[in-house]
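Scroll down for the structure; my scribbles are underneath it.
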Amino acid sequence: MQNRTKKQAKKIKPSGSKNSTTSEVGKKRTKKRTAKKFFITTSIPYANAAPHVGHALEFVQADVMARRARQEGKQVFFLTGVDEHGDKINRVAAQSGLAAKDYVDETSKKFKALKKTLDISYDDFIRTTDKKKHWPGAYKLFGELQKKGDIYKKDYDGLYCVGCEKFLTEKDLEGGLCPLHNKAPERISEENYFFRLSRYASKVRSAITSGKLEIIPETRKNEVLAFIDEGLEDVSFTRSKRSVPWGIPVKGTDQVMYVWCDALSNYISAIGYGRDTKNFNKWWPAETQLVGKDIFRFHAIYWPAMLISAGLPLPKRLLIHGFVTIDGQKISKSIGNVISPEEAAEKFGRDALRYYLLREIPSDGDGDFSFEKLATRYQDDLAKGLGNFASRILNMAAGEIFPEKISSSKPVRDEIKRAEARVKKHFDEFRLNDAVSAIFDLIKFGDAYINDKKPWQNKSHKVLADLVAMLHEVAYLIEPFMPETSKKIILAMNIKGGKMKPKKIAPLFPRIEKE
Ligand SMILES: [Zn+2]
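As numbered in the working numbering, residues 525 to 1039 make up the sequence shown, in order.
Have a look at this one:
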């Protein structure tokens, strides 16, 4: 255990130019290397159960943005991790006869494994139980807020839902029950520390309206502003050890930190807040923080308020994604429709699963997952679409030699430019699904071009060069979405010494055997 902690605490190595996951084509494109940094975070999922395809969505979305930033030559730091404290984990661990720490050790391994399952290029994985790496940052943040006079003691008497792990108000209840868990909350009375959230309402509001803290999509931004305008109350910032024994203890008290300071602080603790100021200053503020719609209020209100109180800059951009449903239903253990990313990736390949999540689910909204729809996407878009497009071109062009930088004919050049512009725009809007569509429109154009020019009849080198240029472009644009596939295409294009000598390729997306 000592060893692992030491390993985790080792110096953070940023991924940038050196990153091996950036395709050849990506490297070649970015001649002018800017020193711009790009720090991107996912939220840290609660480690009370193994990850399901809903979790996969956020990991994959963040990964695409990180890979795209690397392609653009930015110095990228991509952070993810797990939230491991709290009442719920304590109870689940006890039910399975494990110590809480042993329980989260197991669960966090499963989240960490998504790196392989989904080809996630994260640079660091933070665990909130990590005393060396995470706790110093959580303590420092708590201390700064205290110094500001923003932490005070108060008797708290409230209705607590164990499922939600939070206090609910009468307003939140339906028929006396938590509407999410259909259970009556417990009445808890204890002395807690509170954070003066109310003091920061107008500052947070103006950060959002001025665009200093950008919130995408717009509908979510409006929702947050409306929520602030209803008035913000101070929030309970600690719990007594008696009621929650599993958390970061507040020194000199009988309290542990509540989720706000314990979990939200991961975004700064991981990069060195409270232990490595130089590294912290290098990376903070984050360029992009990606979170789900269920927790975006905390990230758009509590988190900025805490940062302002601590005298720290705000993240630049908050992206809010929706949820994955399974056959139209919420993913839930009690419904029994939990699908693991491993299962889906095993059946169809990890690039196909990535493709599905990125294309079928609108980035900023909800979308549905089913194996049937995944099979259809696989067959229509990947086997018959991208895979066939690559095979056709490589088979026809095999044996010919092209310059690496092909000057293609005007209609092809225009179409490539159009695709590039659309992809860029949709990345900026956090519409990754539209970005993928734009790439597939280029494939469609290319297929029509082949059918129109019939290069198998006249073997026109000029037409083949146009096709190879398009495939090269597709491989480049698709790399953040489907890194493995992109790599295979680039390899088959056989680029050496400024020349391309394409080789034939095995089917990229072979037919899936019916069960
Ligand atoms: Zn609840």
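Ideal Cβ positions, reconstructed from N, Cα and C, are used throughout, including at glycine. No experiment lies behind these values; they were computed from the predicted model shown.
In chain order, which continuous runs of the beta strand (DSSP E) of length 3 or greater are located wholly inside the region 653 to 711? 675 to 685 and 690 to 692
Assuming contact is defined by CB atoms lying nearer than 9 Å, are residue 895 and residue 871 in contact in what I supplied? yes
Local Cβ density within 10 Å of residue 763, reported as buried at 16 or more and exposed below that: buried
Thinking residue 1022 and residue 927 are a contact (beta carbons under 8 Å), I'd like their distance in whole angstroms, please. 7 Å
Does at least one heavy atom of ligand 1 sit under 8 Å from the Cβ of residue 695? Checking the Cβ of residue 695 against ligand 1 gives no.
Closer than 5 Å: residues whose CB approaches a heavy atom of ligand 1: 685, 687, 688, 702, 704 and 705
For the 8 Å Cβ check, are there 3 or more pairs between the region 843 to 852 and the region 883 to 890? yes
Below 8 Å, how does it come out for the region 673 to 692 and the region 632 to 639: are there three or more Cβ pairs, yes or no? Flag = no, the region 673 to 692 and the region 632 to 639 do not touch.
Around the C-beta of residue 735, are 16 or more other C-beta atoms found within 10 angstroms, so that it is buried, or is it exposed? exposed
Other residues of its chain near residue 740: CB distance less than 8 Å, five sequence neighbours each side excluded: Around residue 740: 841, 842, 843, 844, 888, 953 and 954.
Straight-line CA distance for residue 722 to residue 579? For residue 722 and residue 579, the distance between alpha carbons rounds to 32 Å.
Report all residues from its chain with a CB closer than 6 Å to the CB of residue 602; omit the five preceding and five following residues, and keep chain order. 564, 590, 646 and 647
So does the region 670 to 685 actually touch the region 800 to 812, counting three or more Cβ pairs closer than 8 Å? no
Would you kindly work out how many angstroms separate the C-alpha atoms of residue 707 and residue 881, rounded to a whole number? 33 Å
Grouping DSSP H, G and I as helix and E and B as strand, with all else coil, what is residue 494? In the structure displayed, the chain extends from 525 to 1039; residue 494 sits before or after that span and is not available.
Cβ neighbour criterion (16 or more within 10 Å) applied to residue 567: Buried.
Stretch-stretch touch, CB-based, cutoff 8 Å, three pairs: the region 895 to 912 with the region 583 to 600: no
May I ask you to report which of helix, strand or coil DSSP gives residue 724? helix
Which residues does DSSP pair with residue 985 in a beta bridge? In the DSSP output, where bridge partners are listed per residue, residue 985 has none listed.
According to the neighbour-count rule (16 or more other Cβ atoms, all chains shown, within 10 Å of its Cβ), is residue 1003 buried or exposed? buried
Alpha-carbon to alpha-carbon, residue 990 and residue 933: 7 Å
Taking just the CA atoms, how far does residue 755 sit from residue 1094? Absent from the structure is residue 1094, since the part of the chain shown begins at 525 and ends at 1039.
Answer yes or no: do residue 716 and residue 666 have a C-beta to C-beta separation smaller than 9 Å? no
I think residue 833 touches residue 660, with their Cβ atoms under 8 Å apart; what is that distance to the nearest whole Å? Rounded, the Cβ-Cβ distance is 18 Å, inconsistent with contact.
Report the CB separation of residue 583 from residue 644 in whole angstroms; it is logged as a contact under 8 Å. Yes, they are in contact, since the Cβ atoms of residue 583 and residue 644 sit about 5 Å apart, within 8 Å.
Is there contact between the region 777 to 790 and the region 622 to 630, where contact requires at least three CB pairs shorter than 8 Å? no
Short check: CB of residue 957 to CB of residue 883, under 9 Å? yes
To which residues of the same chain is residue 546 closer than 8 Å at the C-beta, ignoring the five residues directly before and after it? Unreliable placement is indicated for residue 546, whose pLDDT of 43 sits below 50; the coordinate value is still reported in the next sentence. Excluding residues within five positions, the ones whose Cβ falls inside 8 Å are 591, 594, 595 and 1003.
Kindly indicate if chain B contains any beta-carbon less than 9 Å away from that of residue 959. Note that chain B does not occur in the displayed structure, where there is just one protein chain.
Suppose the cutoff is 6 Å on Cβ atoms and the five residues either side in sequence are ignored; what does the same chain contact list for residue 831 look like? 838
Between the CA atoms of residue 976 and residue 552 - distance to the nearest angstrom: Residue confidence for residue 552 is low, a pLDDT of 49 falling below 50, so the modelled location carries little weight and cannot support an answer.
Residues bridged to residue 716 by DSSP? 678
Is residue 641 buried or exposed, if buried means 16 or more other CB atoms sit within 10 Å of its CB? buried
Need the endpoints of the beta strand (DSSP E) that residue 955 sits in, please. Careful: residue 955 lies outside any beta strand (DSSP E) and carries neither H nor E.
Per-residue DSSP class, three states only, for residue 854: strand
I need the DSSP call for residue 631, collapsed to helix, strand or coil. helix
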